[in-house]
Amino acid sequence: MGVMDLIKSRRSIGVTDNKEVPDDVIGTLLEAATWAPNHKKTEPWKFRVFKGEGRVKLGEEMARIAAQKAEGLSEEEAAKKIEKARKGPLRAPVVIAVAVSPSGIVPEIEEVVATGCAIQNLLLTATELGLATIVRTGDIAHEPELKNYLNLEPKDKIAGLIYVGYPKKELDIKAQRTPAEEKTQWFA
-9 MGVMDLIKSR
1 RSIGVTDNKE
11 VPDDVIGTLL
21 EAATWAPNHK
31 KTEPWKFRVF
41 KGEGRVKLGE
51 EMARIAAQKA
61 EGLSEEEAAK
71 KIEKARKGPL
81 RAPVVIAVAV
91 SPSGIVPEIE
101 EVVATGCAIQ
111 NLLLTATELG
121 LATIVRTGDI
131 AHEPELKNYL
141 NLEPKDKIAG
151 LIYVGYPKKE
161 LDIKAQRTPA
171 EEKTQWFA
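In the numbering used here, the protein residues as written are -9 to 178.
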């Protein structure tokens, strides 16, 4: 598949099979991510991979954090929020947390964009390998307690939690985008 076809066929797929994704395949995704362009070769990304019991433990930590943040909610609302946080990491057989770690060498926005490019490389490679992916965050991704659990530095920011697995069903890849010319101004 050519690059343009790959780009046009990539979709966010949140429903995956429980089939295990081999470590070497995950390694391929991570390697692709590291080839993202980045100014002054700062490589501002960090990855945290959760599989098996690691996902359960991540869910327990997310539930603990959600419980702390549930103050002021009804008992029912709090219980729903906590359970959602607990089950979140179990949506797919692999969860890859991707964080931006600003170097201070270049403007932070450049580090964020570079990490976005790393995520896109990972997503496109996953599509090429027949994997389903979806990137999520939510409020909990920005909590200092979660960053601490992920062994991130206070300055680091979680850019996304990428859920990776094999798709449960064939997906319809038809989609529309606004033509580029409608969002482009040329200066000559």
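Ideal placement from N, C-alpha and C gives every residue a C-beta, glycine not left out.
Determine the burial state of residue i: buried for a count of at least 16 other Cβ atoms within 10 Å of its Cβ, exposed for fewer.
i, result
"Val46", "exposed"
"Val11", "buried"
"Thr117", "buried"
"Arg167", "exposed"
"Ala178", "exposed"
"Lys173", "exposed"
"Asn8", "exposed"
"Asn111", "buried"
At what residues does the beta strand (DSSP E) containing residue i begin and finish?
i, result
"Tyr153", "147 to 155"
"Ala122", "122 to 126"
Rounded to whole angstroms, how far is the Cβ of residue i from the Cβ of residue j, which I believe are closer than 8 Å?
i, j, result
"Leu114", "Leu(-4)", "6 Å"
"Ala131", "Pro34", "Actually they do not touch by this definition, with Cβ atoms about 17 Å apart."
"Ala87", "Ile3", "Not quite, the Cβ-Cβ distance comes to about 19 Å (not below 8 Å), so this is no contact."
Excluding the five sequence neighbours on either side, which residues of its own chain have a C-beta within less than 7 Å of the C-beta of residue i, listed in chain order?
i, result
"Val15", "Leu119"
"Glu92", "In the sequence as presented, Glu is not what sits at residue 92; that position holds Pro. Only Pro34, Glu98, Glu101, Lys145 meet the Cβ criterion."
"Lys30", "Ile95, Val96"
"Gly78", "Gly49, Met52"
Would you kindly report the start and end of the unbroken alpha helix (DSSP H) that includes residue i?
i, result
"Ile(-3)", "-7 to -1"
"Asn138", "134 to 139"
Going along the chain, which residues of its own chain have a beta-carbon closer than 6 Å to the beta-carbon of residue i, five neighbours each way excluded?
i, result
"Ala23", "Ala108, Asn111, Leu112"
"Ala60", "Ala68, Lys71"
Can you list, in chain order, the residues of its chain whose CB lies under 8 Å from that of residue i, leaving out five sequence neighbours each side?
i, result
"Leu80", "Arg45, Val46, Gly49"
request  = Give, in chain order, every unbroken run of the beta strand (DSSP E) that is at least 3 residues long and sits entirely within the region 7 to 56.
outcome  = 35 to 41
request  = Starting from the N-terminal side, write out each stretch of the alpha helix (DSSP H) that is 4 residues or longer and does not extend beyond the region 63 to 101.
outcome  = 65 to 77
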